[in-house]
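Asks: I have a structure I would like to understand better, so I am pasting it below and will then ask my questions one at a time.
2 protein chains.
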Amino acid sequence: MSLLVVGSVALDSIETPTHSRERILGGSATYFAYSASFFTPVRLVGVVGEDFPDEHVVLLRGRNIDTAGLHVVKGGKTFFWKGKYQPNMNDRETLEVELNVFGDFRPQLPESFRQSDFLFLANGSPVTQMSVLEQAIDPQLIVADTMDLWIREQHSELMALLKRVDGLVMNDSEARLLTNDENLVAAGHKILKLGPRFVVIKKGEHGAMFFSAHETYVLPAYPTQRVVDPTGAGDSFAGGMMGYLASQGNFEPKTLKEAMAYGILVASYTVEDFSLDRLQNIGRADLDSRLVQFRKMLSF
Amino acid sequence: MSLLVVGSVALDSIETPTHSRERILGGSATYFAYSASFFTPVRLVGVVGEDFPDEHVVLLRGRNIDTAGLHVVKGGKTFFWKGKYQPNMNDRETLEVELNVFGDFRPQLPESFRQSDFLFLANGSPVTQMSVLEQAIDPQLIVADTMDLWIREQHSELMALLKRVDGLVMNDSEARLLTNDENLVAAGHKILKLGPRFVVIKKGEHGAMFFSAHETYVLPAYPTQRVVDPTGAGDSFAGGMMGYLASQGNFEPKTLKEAMAYGILVASYTVEDFSLDRLQNIGRADLDSRLVQFRKMLSF
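As you go down the protein sequences, you meet chains A and B in turn.
Note that my numbering gives residue 235 to position 243 of the first sequence, counting from 1, and the numbers run on in steps of one.
Note that my numbering gives residue 56 to position 64 of the second sequence, counting from 1, and the numbers run on in steps of one.
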């Protein structure tokens, strides 16, 4: 099945307690697409400025990621984010944001992308996300991410979007904010009433939970000692999950659960280095071998 | 195998965002013993005052908990704790503590208890915990709990204790404090170097992690919507785990992993009501049926 992602492509400067890196490849659509590409070809829609290094585009294309939807704005500058992680590597502070060309992002799906089976609307304004849906022809599965900003400031637009999506992926704090419920199990079930047929709540280092009308799964994160940079873990999770689903061509409960496990495992590699550096050094076989360990760890 | 627990028996007053209860049965040894009693008989060593209601002793005895080691101090008052939970039901504030007879607790093992196969040293000063070890004859498995107070204030005594125990059970924040490492996987491995052959890190609503030289397990908490009072969840976890181990008579990796799952499941019931109220309404069959669901939830 074809898989389309619409989201940000960025340059990030990142400080962790022990390292720092300047203007490295980042963005939700980037992490998503690269992670999904372990399982299936990906179509990417995003926007960058003229300052966006060619090598990044080459890297994505080399992974069977179709960049026909990556719009380069002449004279424009790429979305830039600078952040600093606290010693716990979980909490982070935004030091600088320059939206640049992403501020005016009005995604246009290339004609060849409009008929995509699986759609992932990475974090963005619900209005922008809805505009993508309006360009898509007969998608089979629509999954969206969102964040606190939209929950607070574009609530009714978000509610309208939720009625149109099959799945919602979000952080624990965002699920609590959206539902005003501190209990994540209760929050998950409340979100189902807003429209989506399933919801995945990401808990960072604590894994993820899945809720649908009849199924509840909860998986821990894969335990890794080497957490170098957590940036992009959530988008990698979503990419691994959606990529695996697209490769299987269905979203049956059994497939969804496996997809969630693969999402967790891709993310566990993502955090082991900056940007896509760790992912560039692994292959599908590494994911499969970590899957065997993960399954063993969880079976009793 | 015989199982002995030494720890606090208390009366708790608890406020949650929606309910409050006065002077209900609590304490680490209480939660531990009751939880373990689903799997095996338990020997309890603790201290209470004359104000301790008889019905609580009757309740424990009715569960095959031997209270020969429960010392009643004439004219004394029982350890009292009053706490208040924040809306997230995870963070809590201590409003009052009266150590009372627990302040002078010098555990004396009844002669009939000295030869116990499995020992659990619930949270207490490492000096007190060590004094129990000195009275025990040839225990096969010694597991201890500890807390931030002892890590900070009786560090060398705690280090001496760690060289004598087989297993250590503690909270995530305490593991970070003890090792000065924010990464729990790294922290777990550092703790192994201090003496214990295995360490279990409890993460509250996020489950628990297990580390030994060759094994790492990580299990999420069982997802429950009904969190009424989290008090005693950690001790229930330890009780379920140790009770199951004692019932199996070994601590092989496979048994330890099952024991961890049972610990998580007993704790998932404990939090569904105040004190031991929920546990009094379930039986081993409920635990086994939740185990089937938990296993299904985690298999992919």
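Backbone N, C-alpha and C fix where the C-beta goes; we use that ideal spot for every residue, glycine too.
Name the one or two DSSP bridge partners that A/V210 has.
Replies: Answer is A/M201, bridged to A/V210.
Asks: Mind checking who A/R84 pairs with in its DSSP beta bridge?
Replies: Partner(s): A/Y77.
Asks: In whole angstroms, what is the alpha-carbon distance linking A/K249 and B/R189?
Replies: Roughly 33 Å separates the two Cα atoms.
Asks: Can you give the beta carbon distance from B/P118 to B/Q78, rounded, assuming they're within the 8 Å contact cut?
Replies: Their Cβ separation, rounded to whole angstroms, is 30 Å, which puts B/P118 and B/Q78 out of contact at 8 Å.
Asks: Please confirm whether A/K246 has its beta-carbon closer than 9 Å to some beta-carbon of chain B.
Replies: Yes, A/K246 counts as interfacial toward chain B.
Asks: Residues of chain B with CB under 7 Å from A/A178, in chain order?
Replies: Those are Q217, listed as they occur along chain B.
Asks: Give me the chain B residues within the contact set of A/P212, using Cβ-Cβ distance strictly less than 7 Å, ordered along the chain.
Replies: What A/P212 touches in chain B: G199, V210, L211, P212.
Asks: For A/S260 and A/A225, what's the separation of their Cα atoms in angstroms?
Replies: C-alpha separation (whole angstroms): 8 Å.
Asks: With 9 Å set as the bound, which would you pick, yes or no: does the beta-carbon of B/A60 sit closer than that to a beta-carbon of chain A?
Replies: No, its Cβ sits nowhere closer than 9 Å to a Cβ of chain A.
Asks: From which residue to which residue does the beta strand (DSSP E) around A/T70 run?
Replies: Here A/T70 belongs to no beta strand (DSSP E), and DSSP marks it neither H nor E.
Asks: Kindly list the residues whose CB is nearer than 6 Å to the CB of B/G241, restricted to its own chain and excluding five residues on each side of it in sequence; keep chain order.
Replies: Answer for B/G241: M(-7), listed in chain order.
Asks: Mind the definition here: the segment 59 to 68 of chain A touches the segment 32 to 48 of chain A only if three or more C-beta pairs lie below 8 Å; say whether that holds.
Replies: Contact between the segment 59 to 68 of chain A and the segment 32 to 48 of chain A is present, because at least three Cβ pairs lie under 8 Å.
Asks: Can you confirm whether A/P342, when its beta carbon is compared against all beta carbons of chain B, has any partner nearer than 9 Å?
Replies: Any question about residue 342 of chain A goes unanswered here, given that chain A covers just -7 to 292.
Asks: Between B/P9, B/A238, B/I256, B/T216, which has its C-alpha nearest B/D210's C-alpha?
Replies: Per the sequence presented here, residue 210 of chain B reads as Val, with Asp not at that position. It is B/I256 whose Cα lies nearest to the Cα of B/V210.
Asks: A/D265 and A/D221 look like a contact to me (Cβ under 8 Å); what is the Cβ gap, rounded to whole Å?
Replies: Right, the Cβ-Cβ distance comes to about 7 Å (below 8 Å), so this counts as a contact.
Asks: For the segment 267 to 292 of chain B, which residues have a CB atom closer than 8 Å to at least one CB atom of chain A, in sequence order?
Replies: Answer set for the segment 267 to 292 of chain B: R287, M289, L290, S291, F292.
Asks: Quick one: residues in its chain with C-beta nearer than 6 Å to the C-beta of A/Y23, no 5 flanking neighbours on either side, listed in chain order?
Replies: Within the same chain, A/Y23 has close Cβ partners G224, D227, S228.
Asks: Enumerate in chain order the residues of its own chain whose CB-to-CB distance from B/G275 is below 8 Å, with the five nearest sequence positions on each side excluded.
Replies: Excluding residues within five positions, the ones whose Cβ falls inside 8 Å are F30.
Asks: What residues from chain B crowd round A/N175, counting only those whose CB sits closer than 7 Å?
Replies: Those within 7 Å of A/N175 in chain B are Q217, V219.
Asks: Scan the segment 227 to 257 of chain A for residues whose Cβ lies nearer than 7 Å to a Cβ of chain B and list them as they occur along the chain.
Replies: Answer in chain order: K249, E250, A253.
Asks: Grab me the residues of B/G19's own chain with a C-beta within less than 6 Å of its C-beta, minus the 5 sequence neighbours each way, in chain order.
Replies: Closer than 6 Å at the Cβ level, and outside the excluded window around B/G19, lie S0, V1, A2.
Asks: Using a 10 Å radius around the Cβ and a threshold of 16 neighbouring Cβ atoms, would you call B/Q121 buried or exposed?
Replies: Buried, because 16 or more other Cβ atoms sit within 10 Å of the Cβ of B/Q121.
Asks: Is it true that the CB of B/V192 sits closer than 9 Å to the CB of B/L160?
Replies: Cβ distance < 9 Å, so B/L160 and B/V192 count as in contact.
Asks: State yes or no: is the beta carbon of B/K185 nearer than 9 Å to at least one beta carbon in chain C?
Replies: Going by chain labels, chain C is absent from the structure shown, which instead holds the protein chains A and B.
Asks: So with Cβ pairs under 9 Å, would you call A/M380 a contact of chain B?
Replies: Coverage of chain A is limited to positions -7 through 292, which leaves residue 380 of chain A absent and any answer about it impossible.
Asks: Three or more C-beta pairs closer than 8 Å, one from the segment 137 to 155 of chain B and one from the segment 106 to 117 of chain B: is that the case here?
Replies: Yes: at least three Cβ pairs fall under 8 Å.
Asks: Is it buried or exposed for A/A60, if we count other Cβ within 10 angstroms and need 16 for buried?
Replies: When all chains shown are included, A/A60 counts as exposed.
Asks: Starting from the beta carbon of B/K195, find every residue of chain A whose beta carbon is closer than 8 Å, and list them in chain order.
Replies: Chain A residues near B/K195: H198.
Asks: State buried or exposed for A/I57, treating a residue as buried only when at least 16 other CB atoms are found within 10 Å of its CB.
Replies: That one is buried.
Asks: Kindly indicate which three-state DSSP category A/F286 falls into: helix, strand or coil?
Replies: Helix at A/F286.
Asks: Tell me, to the nearest whole angstrom, how far the beta carbon of B/L290 is from that of A/L290; I am working on the premise that it is less than 8 Å.
Replies: So it is a contact: roughly 4 Å between Cβ atoms.
Asks: Within the continuous alpha helix (DSSP H) that includes B/D46, where are the two ends?
Replies: 46 to 53 is the span of the alpha helix (DSSP H), which, as asked, contains B/D46.
Asks: Report the rounded CA-to-CA distance for B/A21 versus B/L91, giving the unit in angstroms.
Replies: Taking the straight line from one Cα to the other gives about 15 Å.
Asks: So, with DSSP's three-state summary, where would you put A/I6?
Replies: Strand, per DSSP.
Asks: Quick check on DSSP: helix, strand or coil for B/V124?
Replies: In this structure, B/V124 counts as helix in the three-state DSSP scheme.
Asks: What are the partner residues of A/V263, as DSSP defines its beta bridges?
Replies: Beta-bridge pairing links A/V263 to no other residue.
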